[in-house]
Amino acid sequence: MDSLSEDSKPSLENIFLDFDHPNPNINHEACMHMVRYWPKESIEKLIVNLNSHDILLRRKSIKALGLFGLCALNPVVERFADSKDRNTRVSCLKVLVHIAAKNHFEEIPDALINIVELSFVDDEPEAIL
Numbered sequence: 001m002d003s004l005s006e007d008s009k010p011s012l013e014n015i016f017l018d019f020d021h022p023n024p025n026i027n028h029e030a031c032m033h034m035v036r037y038w039p040k041e042s043i044e045k046l047i048v049n050l051n052s053h054d055i056l057l058r059r060k061s062i063k064a065l066g067l068f069g070l071c072a073l074n075p076v077v078e079r080f081a082d083s084k085d086r087n088t089r090v091s092c093l094k095v096l097v098h099i100a101a102k103n104h105f106e107e108i109p110d111a112l113i114n115i116v117e118l119s120f121v122d123d124e125p126e127a128i129l
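Under our numbering, the first residue of the sequence shown is numbered 1, with each subsequent residue one higher.
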């Protein structure tokens, strides 16, 4: 992926500084460093952003979480289930769409099926995602 060794991995703080950078190339590189070096910690921080009032931060976080694939699935599903905030729930659904689009599932994970069913039961208009 890049020339950084495990000994010279960037700090999580520096990665998130680059994540906030307006240059999309720097932003994407920061996301790739999150996935490679700090997946658990990054997922936790990005999930918090899903209810941010800053729409750009929410969008970046949705896109970044989608890059984590299946390791972000359960934390995003849990966030969806625990939240009553519409922005958070829509953001979680968007992340799940990204994850589903990037992974070729032979069988759809139960977590995704459960969220779709929950959205329909709750009569969520976002279920169209």
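The beta-carbon is built from N, C-alpha and C at its ideal position, and this holds for glycine as well.
Predicted model only: the values in this text are computed from it and were never measured.
Environment of Ala-101 [buried if 16+ CB atoms lie within 10 Å]: exposed
CB contact flag (Arg-79, Leu-118, <9 Å): No, they are not a contact pair.
Residue interval of the alpha helix (DSSP H) (run including Ser-66): The amino acid occupying residue 66 in the given sequence is Gly; Ser does not appear at that position. It spans 55-67 - the alpha helix (DSSP H) in which Gly-66 sits, taken as one unbroken run.
Where the alpha helix (DSSP H) containing Asn-25 begins and where it ends: 24-37
Cβ-based burial, Met-1 [other Cβ within 10 Å; buried from 16]: At Met-1, the pLDDT of 46 sits below 50, so the modelled position is not reliable and the matter cannot be decided from this model.
Own chain, CB closer than 6 Å to Ser-83, minus 5 neighbours either side, in chain order: Arg-89
Closest Cα partner of Val-35 within the set Asp-18, Ile-26, Leu-57 and Ala-64: Ala-64
Cβ shell of Arg-59 (< 7 Å), same chain only, five flanking positions each side left out: none
Residue from Lys-40, Met-32 and His-21 whose Cα sits closest to the Cα of Leu-56: His-21
Cβ neighbours of Ile-15 in the same chain (closer than 7 Å, five flanking residues each side left out): Ala-30, His-33, Met-34 and Trp-38
Local conformation of Lys-40 per DSSP, three classes: Note: Lys-40 maps to helix in three-state DSSP.
Cβ distance (whole Å) where Val-95 is taken to contact Ala-81 below 8 Å: Not really, about 13 Å apart at Cβ, beyond 8 Å.
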